[in-house]
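Here the protein sequences line up with chains A and B, keeping their order. Final position of the first sequence in the numbering used here is 227; the numbers increase by one with none missing. Final position of the second sequence in the numbering used here is 1227; the numbers increase by one with none missing. Note that beta-carbon positions come from the ideal geometry of N, C-alpha and C, so glycine has one too. All of these numbers come straight from a predicted model, not from anything done at the bench.
2 protein chains.
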Amino acid sequence: MKKAVVLLSGGLDSATTAAIAKSEGFELYAISFDYGQRHSRELKSAKAIAQSLGALDHLVISFDMTKIGGSALTDNNIDVPIGRDFAEIGQGIPVTYVPARNIIFLAFAVSYAERIGAGDIFIGISEVDYSGYPDCRREFVDAFEKTANLGTKAGTEDGVRFHIHTPLARLSKGQTIKKGLELGVDFSLTWSCYLGGQKPCGKCDSCKLRLAGFAQVGMKDPLEYVD
Amino acid sequence: MKKAVVLLSGGLDSATTAAIAKSEGFELYAISFDYGQRHSRELKSAKAIAQSLGALDHLVISFDMTKIGGSALTDNNIDVPIGRDFAEIGQGIPVTYVPARNIIFLAFAVSYAERIGAGDIFIGISEVDYSGYPDCRREFVDAFEKTANLGTKAGTEDGVRFHIHTPLARLSKGQTIKKGLELGVDFSLTWSCYLGGQKPCGKCDSCKLRLAGFAQVGMKDPLEYVD
């Protein structure tokens, strides 16, 4: 079996992406990041998802992005937007954008993949329910893939070429949930809320997109929300 | 004054690179990495160099690359090669190569630069005294620069475009030392040895390239070596 490194945040996109990788016959090597995020509770979900999908390893890399800050997810002085409608969510880059986060995440994923001899990396970004994050565009991933193949052993005799898979790139949140359900993903294990409280808030951009996705498939989100 | 983020390892290449950035009129924001490297003592040198050059800030990001391993610098079970001649050093990718290290380092540098509004990033890689590291080639840096400009706010209204400077790309170690001396770099503050002992070993690839560089300029290395 071929190995794949899967970026696992603990959300429903990455859980579905991992399930897709598994359905394509890959052995899963999960990687998650404890980066000082407000909702670090998502890492418990990542662990549960990795276990439920039979990942052979789950690497958690820790670093402190609060030292850099500049995002509502890594600076407690910046509020997470609450109660925005979808027109607002779709406008510009939100304050929950973390500077260069996916470049950092993919860089570690490439390092891990190179180490274990995996050429395939899966990341659950989507361009459709566009969250305004520049690092969620396939164009960015294409450029990163090229960079990874130039900045590693790839291309040398004992190197593997990297291919970065983005199976959700063209899927809406509803389509992602539908795909996940087909593949048996247990969405009760996932976490999306930016606030990271005991229960999801239902009002931050991430909760709103998630809830709209479940509404699209006519299903109730298995998570219990505040109120 | 324009801000520049400078990657500072503590070695003589990055010290000279920082001095070049300063000489070009940039305000220096240094970034270093405590990544589980065998020679973490280089971070003391990085701090001293940042201070000596009047850096306005020195950010140290910590993460544990020993979890990934696969390099003599991050896995104590892999020996650092000692006493190799230059023909051997020039052959292939050495075991001191750390998987995707410069991709990770540059990713954090971009995050920091985006946060402080700096478009200029300096890294002291050289293609001339080629150490066999694929992530020291300008071709890689060009691809990374493009990636950074796609995966961040760059290109949006409030984003800065990134330019990654590699002023040493075409310099030999001797030429780098000469340049550093012209700019007043205090090489007694720098550290290059991979072993990271009390004194540099003089026999690892990094020490050998350094000593050859000083020999090229007919100068004694100010560091005191073992024996």
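What's the gap between the Cα of residue i and the Cα of residue j?
{"i": "residue 61(A)", "j": "residue 1069(B)", "result": "13 Å"}
{"i": "residue 177(A)", "j": "residue 1018(B)", "result": "49 Å"}
{"i": "residue 7(A)", "j": "residue 13(A)", "result": "10 Å"}
{"i": "residue 1128(B)", "j": "residue 1136(B)", "result": "10 Å"}
{"i": "residue 24(A)", "j": "residue 1134(B)", "result": "31 Å"}
{"i": "residue 1067(B)", "j": "residue 1082(B)", "result": "25 Å"}
{"i": "residue 43(A)", "j": "residue 126(A)", "result": "21 Å"}
{"i": "residue 1087(B)", "j": "residue 54(A)", "result": "46 Å"}
{"i": "residue 151(A)", "j": "residue 1146(B)", "result": "14 Å"}
{"i": "residue 221(A)", "j": "residue 210(A)", "result": "8 Å"}
{"i": "residue 1138(B)", "j": "residue 11(A)", "result": "37 Å"}
{"i": "residue 1187(B)", "j": "residue 184(A)", "result": "60 Å"}
{"i": "residue 1190(B)", "j": "residue 1047(B)", "result": "10 Å"}
{"i": "residue 106(A)", "j": "residue 33(A)", "result": "11 Å"}
{"i": "residue 227(A)", "j": "residue 172(A)", "result": "27 Å"}
{"i": "residue 1141(B)", "j": "residue 1164(B)", "result": "7 Å"}
{"i": "residue 196(A)", "j": "residue 76(A)", "result": "12 Å"}
{"i": "residue 1045(B)", "j": "residue 1015(B)", "result": "9 Å"}
{"i": "residue 1057(B)", "j": "residue 169(A)", "result": "38 Å"}
{"i": "residue 52(A)", "j": "residue 203(A)", "result": "28 Å"}
{"i": "residue 74(A)", "j": "residue 1104(B)", "result": "19 Å"}
{"i": "residue 1(A)", "j": "residue 159(A)", "result": "18 Å"}
I'd like to know whether the C-beta of residue i is nearer than 8 Å to at least one C-beta of chain B.
{"i": "residue 29(A)", "result": "no"}
{"i": "residue 63(A)", "result": "yes"}
{"i": "residue 85(A)", "result": "no"}
{"i": "residue 68(A)", "result": "yes"}
{"i": "residue 102(A)", "result": "yes"}
{"i": "residue 46(A)", "result": "no"}
{"i": "residue 161(A)", "result": "no"}
{"i": "residue 122(A)", "result": "no"}
{"i": "residue 227(A)", "result": "no"}
{"i": "residue 135(A)", "result": "yes"}
{"i": "residue 169(A)", "result": "no"}
{"i": "residue 150(A)", "result": "yes"}
{"i": "residue 108(A)", "result": "yes"}
{"i": "residue 153(A)", "result": "yes"}
{"i": "residue 177(A)", "result": "no"}
Beta-carbon of residue i versus every beta-carbon of chain A: anything under 8 Å?
{"i": "residue 1144(B)", "result": "yes"}
{"i": "residue 1057(B)", "result": "no"}
{"i": "residue 1127(B)", "result": "no"}
{"i": "residue 1002(B)", "result": "no"}
{"i": "residue 1156(B)", "result": "yes"}
{"i": "residue 1099(B)", "result": "yes"}
{"i": "residue 1111(B)", "result": "yes"}
{"i": "residue 1115(B)", "result": "yes"}
{"i": "residue 1138(B)", "result": "no"}
{"i": "residue 1050(B)", "result": "no"}
{"i": "residue 1229(B)", "result": "Not covered by the structure: residue 1229(B). The range shown for chain B is 1001 to 1227."}
{"i": "residue 1078(B)", "result": "no"}
{"i": "residue 1089(B)", "result": "no"}
{"i": "residue 1020(B)", "result": "no"}
{"i": "residue 1307(B)", "result": "Outside the displayed range of chain B (1001 to 1227) lies residue 1307(B), so it cannot be described from this structure."}
{"i": "residue 1082(B)", "result": "no"}
Can you round the beta-carbon distance between residue i and residue j to whole angstroms, since I take them to be within the 8 Å contact cut?
{"i": "residue 1115(B)", "j": "residue 99(A)", "result": "5 Å"}
{"i": "residue 1123(B)", "j": "residue 1166(B)", "result": "6 Å"}
{"i": "residue 30(A)", "j": "residue 50(A)", "result": "4 Å"}
{"i": "residue 205(A)", "j": "residue 89(A)", "result": "5 Å"}
{"i": "residue 1063(B)", "j": "residue 144(A)", "result": "Not quite, the Cβ-Cβ distance comes to about 19 Å (not below 8 Å), so this is no contact."}
{"i": "residue 1092(B)", "j": "residue 1132(B)", "result": "6 Å"}
Report the option in the options whose CA atom is closest to the CA atom of residue i.
{"i": "residue 1225(B)", "options": "1094(B), 1125(B), 1207(B)", "result": "1207(B)"}
{"i": "residue 1072(B)", "options": "1219(B), 1193(B), 1220(B), 1209(B)", "result": "1193(B)"}
{"i": "residue 109(A)", "options": "52(A), 197(A), 183(A), 149(A)", "result": "149(A)"}
{"i": "residue 1094(B)", "options": "1188(B), 1084(B), 1102(B)", "result": "1084(B)"}
{"i": "residue 27(A)", "options": "63(A), 117(A), 143(A)", "result": "117(A)"}
{"i": "residue 1199(B)", "options": "1182(B), 1223(B), 1219(B)", "result": "1223(B)"}
{"i": "residue 219(A)", "options": "181(A), 201(A), 196(A)", "result": "181(A)"}
{"i": "residue 1065(B)", "options": "1057(B), 1197(B), 1102(B)", "result": "1102(B)"}
{"i": "residue 1059(B)", "options": "1121(B), 1169(B), 1112(B), 1045(B)", "result": "1112(B)"}
{"i": "residue 1004(B)", "options": "1057(B), 1121(B), 1203(B), 1074(B)", "result": "1121(B)"}
{"i": "residue 9(A)", "options": "74(A), 1(A), 35(A)", "result": "35(A)"}
{"i": "residue 201(A)", "options": "80(A), 168(A), 169(A)", "result": "80(A)"}
Requested in this report: Answer yes if the region 1172 to 1192 of chain B comes into contact with the region 1205 to 1217 of chain B, meaning at least three C-beta pairs across the two stretches below 8 Å, and no otherwise.
Outcome: yes
**Report entry** the region 144 to 157 of chain A touching the region 38 to 47 of chain A, judged by at least three CB pairs closer than 8 Å
**Finding:** no
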